[in-house]
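Take a look at the structure set out below.
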Amino acid sequence: MKILSDIAALVTGMWITWKHIFRRPVTIQYPEEKRTPYPRYRARIVLTRDPDGGERCVACQLCSGACPVDCITMQSAEDKDGRRYAEWFRINFSRCIFCGFCAEACPTLAIQMTPDFEICKRDIMDLVYEKEDLLIDGCGKSPDYNYYRHAGIGVTQPRGSGAEEKPPVDVRGLLP
Amino acid sequence: MIYDPIDIALLLGKIALVFFVILTLAAYLVFAERKVLAWIQDRKGPNRVGPFGLLQPLADLIKLLTKEDFRPIGADKWLFYLAPAMAAIPAIMIFAIVPFGAPLTLFGHTVQLQVSDLNVGLLLFMALSSVAVYGVALGGWASNSKYALLGSIRGLAQLISYELSMGLSLVPVVMLARSFRLSDIVNAQAGCWFIVYQPLAFMIFLISIAAECKRIPFDLPEAEGELVAGFHTEYSGMRFGLFFVGEYINIIVLGGLATTFFLGGWHGPFLPPAVWFSAKVLAFAFLFIWVRGTLPRLRYDQLMHFGWKILTPLALVNILVTGWWLVLRG
Amino acid sequence: MPKLIIDDITVEVAEGTTVLEAAQAVDIPIPHFCWHPALGKAGACRACAVKMLEGPVKGIQMSCMLPVQDGMVVSTTDPEAVAMRRHIIEWLMINHPHDCPVCDEGGECQLQDFTIAAGHGIRRYSGKKRTHVNQDLGPFIQHEMNRCIQCYRCVRYYQEYAGGTDFGVMGSAGRVYFGRFQDGELESPFSGNLVDICPTGVFTDKTARFRARYWDYEMAPSVCSGCSLGCNTTPVARYRELLKITARKNEAVNGWFICDRGRFSNSAVNDPQRPRTPLVDGRESTRDEALEALALRIAETEQLYGTGSIAIVGSSRLALEAALLLPQLAQLTSAGALCYFTSEEERATTTSHLGLLSGGTSASQQEIRESDCIVVSGCDPLQDAPMLALAVRQAWRDGATVYVVGDGIVLPCEFTAVAAVDAVPLAAAKKPVLICSASCNSDHPAGLLVQHSQLKLAVIFPAANSYGAAQLAGEQGGVSLERAVASGKIKGIISVEADIPAHLLAGIPFVAALDWRMTETVRAAQIFLPTTAWVEMDGTSINNEGRAQRFKKVMNPGLPIRGLDPAGHPPHLHRTVPPGGEAQPAWQTLALLIERVSGEPVTEPFSGRWERLRGLDAGSEGVMIHDL
Amino acid sequence: MYGDCYPDMETYLFYILAAVAVIGTILAITEKHPVHAIVYLVSSFFSLATIFFLLAAPLIAMFEVIIYAGAVMVLFMFVIMMLDLGRTDEAGRPVLKQWLLPILLGGIILASIGVIAAGYASAPSAPGAITVRDFALTLFRKYGVAVEIISMQLLFAVVGALYLGRRRTP
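The following block contains the structure:
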């Protein structure tokens, strides 16, 4: 009998919702109760430094290229020692959707996401973060990584003395 | 029509009481609905305004009153303003005929706890509930919006269809009570509630009133998934509030009528009659909320199919059977 | 015509075509590094491996080395070929540094593209990478030898194509080094093309170093305004700053390359001294105010000194659109003189040389490259139009004889010095070309053209749109400003991107200037209206052979963000028009002025016989003017 | 309960309601917009129903509302909404020629009223409330056959409508 099974289905549904009335609510009353996000939580973006204290960001513009909402803009420039760095670096957090693509794209592990999700501001212009607002004094995740040691060109160290590098070829040497 | 000033005072008092109770109850029904739905969904519901969120209806009221009263371009001005009232007023008026307690004796007068005990009470209910369609239809049409128009066309068709089965499901009640007068119907159930004799009619009536007050699973006129908010899409402020509160008044009134027709009205052991009546009405209100928390919305063709091809024939068969039964019993 | 099948697509190509080119003809991409359409094949990188399934040769073959033959069945997707290419790429990547983030080639790098395409995502080699010491190659080219994949493109271009001698390949085996024998500036005037031709980041543009990425570039097809040749370029801009200029292929004109002068000529556009706001008597104002004042002054001048006291002055660097509106303006203001040239000599020589070219006798660079006898008469192409010299070299490489009339002329090829053009055996040549300069009227080639019907002429004009200016001057009866001023009637000058020497301006009470450069005329002008540089507008110019070419707007006018706040980041401001962004193309300003004077709006500069230029595609080879 | 009312109050009510009914009907006729016309007509029906109520015919009053206001007019409105007649404001008013017949008929009605008013000084007094039982007895005993015939007709109409409106499978 189809009608009986239909009624049974209705009653089952009603019974399930009835049971849920007496369950404990899962709601967390946010401003009073706060929970600690996981370390990999994707909230406020920071720029980290390498173990030597230099800026990790090389302004390669991969993050701005990966950003689906175009909230990252920057200008790269050359430092006196030949290091590529961000002359200015701007994240517009009023546009950011915290997707994490920028952190995923970052080849130098400079851009990282933190669990700090409370970044509301009264004035929307305060949500435009410049480099000095973003840069932190630490390595964040992967504390040992220094991009220029692995880049394969000599910028922070003499040529040929980075990790996995042979000393420079002597072109004028006669030996094969 | 009434000579005695005390009678007039009592009448006015009853009207005022009914108004006050119904409006307050409707407001708190909104609150109760949000709470119960929240519990069903393992949430807490409104809990910020006042203790346990009890002042939420007040806050909502202030919000609705202070919102911009907006009228879309191209809307039909007078009908647009009139429609919310046309939706809410018939619902309140129906309560005039509902007996909500046993007759009292006060100042030497026998007081019917009922605003007006018409001899065609049940027909008045039918008349007013058929007129309530205008609020929905005109509101949606006057908004000059395609969503609203679609909502109101759906509402029109749905309300006409389910009114039929609702009316037919009440015929056996009249046959049993042998009167259209609601106090007679209640008194006829002093011994045994009509739900015992007429479980099928009760089910049909229950389903039909759910459709009449446009509740889930029959909320197609305002199906927010497809029509934004259906016939009241373009309404804001207190005009929207009237539509909104009208729906909850409808729940109370229709709950009261279902109580009157099938659950013996104010009859019940031990407790005072008015308490019995309120308990039964609130149980109906809870049932509506519970159903809303459980069932999904029907598709439009399913709704029409169900109304015309199942409910109406069933109600007719029920009348036939009841008639034969009454004839055979003598 | 051999017929072959590549990836189930039947292709019919000319004899001698390689399989790689045949595949490209039907849009099947095959990775390649050493092969380049302008340089031909070398077979050095082995990245273009395909599998020959049927036909005269079978198995894995290098598609760039293999001429097509009838009945070949080629598969570029055969697992064996794919594996081969993947391994080649992996080999090439073994010594390649992991510095894409700090490499300017990143994003526009062929090696990057083909590495991704080959699916080589993770390095398996755990050994050490070879490194090289870089050289300082001067202010234009940055050298990063670690990135080299030994495709030999650079040395083949530099030595064979461009005829440079100071750059070459050294070392052997895994130690091959591409560079100069010692640090120092590259000598070839075509060295900038190393940037374009290197498939990876060994040579990058030092002037645009660390400025932007390919995906952020604002680019549009454009035309070089450096000389009268009209080589096709793709300027690159970012944040309202012209970063660099790259070559754009146009087989008929410049082929694949441009000269260094055209490539590294962006400083004028980015000049912080560029005038960007309208001025009325030295006071900053709006465009409307300045136009109002200009119209008023014109009327005043005419009232004061009578009609015909105004001179409308265009120039040979002015785009064709604006030049076409000048006669209209001259007529409306009943101007006394309509000048396209300032100096009488320039007007005379340019116009007379133009008369020689009207019959379709002009030689394109392509025709020079295919010529068998070239006479360079009394001009120095390397100085005045460098790409002509490169074209002459290509002809010489194909066996043409080159004759030079005149002293002190250097060409990047071997040539025979002769005393006069008459000494050249022109009659024996099949496709002779005479290269001369419009600024030198001593040896007029009119007679030669009558003698030798097959002789074609390549005239070097003084500026980018000289041809157009001379054409219009001839049609509209324009005189030179020199002569107009000498008549003594001119009391007011409206200069439209003209460089007027101070002595001509001396006695003129009213001067108005429209320009985008800070010239003497702009300084002397009472009313100034800013116009846009060629990269900031759509426009048309006519090159030395009479070819009209369209250049497109690359970037919006305005102060570069870089110059706004030198201390730090760009200001937190919302505005619809950037600072200094009010400039508009000269022809639009002229149109507004004409509208103000006549009351009728001008919407389209091209009318009459010029109408065909309206829809001119910037990506096309251009339209010859005498075809119009 | 209805027998002993204040006669004057009843009369006032009657005149007010009658005025509403007449004005509502006139507006329903002259209003160019069909939806507005329906609203006027419905208000006219309501006053009419109340007049019936005053005349001690509650059953008729209820049927007036249920059938005319609640069903017929709603169906009209449904059709109007579904058809979407567009801008009806541009519809022309009837010209004098078209008014002639209504004026003639109106004149006849007015004349009849005048004749009746001259003949009878007051309306016939209410004979007491008609109960549902009376109504039912009249309907099903006295006119039982007619009711059955009409219901048969309606049944045929329903079957016919179903036949015409059924989904045809090619």
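Protein chains in written order, with the numbering used here: chain A, 1 to 176; chain B, 1001 to 1330; chain C, 2001 to 2628; chain D, 3001 to 3170. Even glycine gets a Cβ: it sits at the ideal position worked out from N, Cα and C.
Return helix, strand or coil for residue i, following the three-state DSSP convention.
| i | result |
| --- | --- |
| residue 1290/B | helix |
| residue 3144/D | helix |
| residue 3099/D | helix |
| residue 2557/C | coil |
| residue 1250/B | helix |
| residue 2499/C | coil |
| residue 2070/C | coil |
| residue 1089/B | helix |
| residue 2036/C | strand |
| residue 2623/C | strand |
| residue 2372/C | coil |
| residue 164/A | coil |
| residue 2054/C | strand |
Using the Cα positions of residue i and residue j, report the straight-line distance between them to the nearest angstrom.
| i | j | result |
| --- | --- | --- |
| residue 2214/C | residue 2106/C | 8 Å |
| residue 2572/C | residue 125/A | 8 Å |
| residue 2033/C | residue 2440/C | 44 Å |
| residue 2089/C | residue 2368/C | 39 Å |
| residue 2642/C | residue 2180/C | Outside the shown range of chain C (2001 to 2628) lies residue 2642/C, about which nothing can therefore be said. |
| residue 3054/D | residue 3016/D | 12 Å |
| residue 1266/B | residue 3041/D | 39 Å |
| residue 2299/C | residue 2495/C | 16 Å |
| residue 2527/C | residue 2265/C | 28 Å |
| residue 2308/C | residue 2330/C | 9 Å |
| residue 1040/B | residue 13/A | 11 Å |
| residue 1070/B | residue 1133/B | 23 Å |
| residue 19/A | residue 11/A | 12 Å |
| residue 1972/C | residue 2497/C | Shown here, chain C extends from 2001 to 2628; a query on residue 1972/C therefore has no answer. |
| residue 2115/C | residue 2148/C | 14 Å |
| residue 2008/C | residue 2053/C | 11 Å |
| residue 2504/C | residue 2138/C | 40 Å |
| residue 2117/C | residue 2087/C | 12 Å |
Who does residue i pair with in a DSSP beta bridge?
| i | result |
| --- | --- |
| residue 2549/C | 2541/C |
| residue 2479/C | 2339/C |
| residue 2528/C | 2279/C and 2513/C |
| residue 99/A | DSSP, once it has assigned bridges, lists no residue as partnering residue 99/A. |
| residue 1228/B | Residue 1228/B pairs with nothing; no bridge assigned. |
| residue 2436/C | 2459/C |
| residue 2418/C | 2405/C |
| residue 2235/C | 2245/C |
**OP:** Let me know the alpha helix (DSSP H) ranges lying completely inside the stretch 12-80 of chain A, each 4 residues or longer, listed in chain order.
**Re:** Counting whole runs of 4 or more residues, the stretch 12-80 of chain A contains the alpha helix (DSSP H) stretches 62-66.
Subject >> Meets three-Cβ-pair contact criterion under 8 Å: the stretch 1190-1205 of chain B and the stretch 1099-1118 of chain B >> reply: Judged by Cβ distances under 8 Å, the stretch 1190-1205 of chain B makes no contact with the stretch 1099-1118 of chain B, as fewer than three pairs qualify.
Original post:
If we count Cβ pairs, one from each stretch, closer than 8 Å, do we get three or more for the stretch 1217-1226 of chain B versus the stretch 1098-1106 of chain B?
Top reply: In this structure the stretch 1217-1226 of chain B does not touch the stretch 1098-1106 of chain B; the number of beta carbon pairs closer than 8 Å is below three.
Original post:
How about the stretch 35-42 of chain A and the stretch 114-124 of chain A: do they share at least three Cβ pairs that are nearer than 8 Å?
Top reply: Yes: at least three Cβ pairs fall under 8 Å.
Original post:
Quick one: any contact between the stretch 2602-2616 of chain C and the stretch 2577-2594 of chain C, if contact means 3 or more CB pairs under 8 Å?
Top reply: Contact between the stretch 2602-2616 of chain C and the stretch 2577-2594 of chain C is present, because at least three Cβ pairs lie under 8 Å.
Original post:
In chain order, which continuous runs of the beta strand (DSSP E) of length 3 or greater are located wholly inside the stretch 2132-2198 of chain C?
Top reply: Taking 3 residues as the shortest admissible run, the stretch 2132-2198 of chain C contains the following complete beta strand (DSSP E) segments, listed from N- to C-terminal end: 2141-2143, 2168-2170 and 2177-2179.
Subject >> Contact the stretch 2458-2471 of chain C vs the stretch 2404-2414 of chain C: 3+ CB pairs below 8 Å >> reply: Verdict: no, contact absent.
Original post:
Should the stretch 2505-2519 of chain C be called in touch with the stretch 2369-2376 of chain C, which here means at least 3 C-beta pairs below 8 Å?
Top reply: Verdict: no, contact absent.
**OP:** Please confirm if the stretch 1018-1035 of chain B is in contact with the stretch 1273-1289 of chain B, defined as three or more CB-CB distances below 8 Å between the two stretches.
**Re:** Note that the stretch 1018-1035 of chain B touches the stretch 1273-1289 of chain B; at least 3 beta-carbon pairs, one per stretch, sit closer than 8 Å.
Original post:
Fully enclosed by the stretch 1177-1213 of chain B, which alpha helix (DSSP H) runs are 4 residues long or longer?
Top reply: Fully enclosed alpha helix (DSSP H) runs of 4 or longer: 1182-1188, 1194-1197 and 1199-1212.
**OP:** Specify whether the stretch 1134-1146 of chain B and the stretch 1176-1191 of chain B touch according to this definition: at least 3 beta carbon pairs, one from each stretch, less than 8 Å apart.
**Re:** They do not touch, by the three-pair rule.
Original post:
Touch check for the stretch 2553-2571 of chain C and the stretch 86-94 of chain A: three-plus C-beta pairs under 8 Å?
Top reply: Flag = yes, the stretch 2553-2571 of chain C and the stretch 86-94 of chain A touch.
Subject >> Whole alpha helix (DSSP H) elements within the stretch 1040-1092 of chain B, 4-residue minimum >> reply: Positions of the alpha helix (DSSP H) runs, each at least 4 residues long and wholly inside the stretch 1040-1092 of chain B, are given as 1056-1066 in order along the chain.
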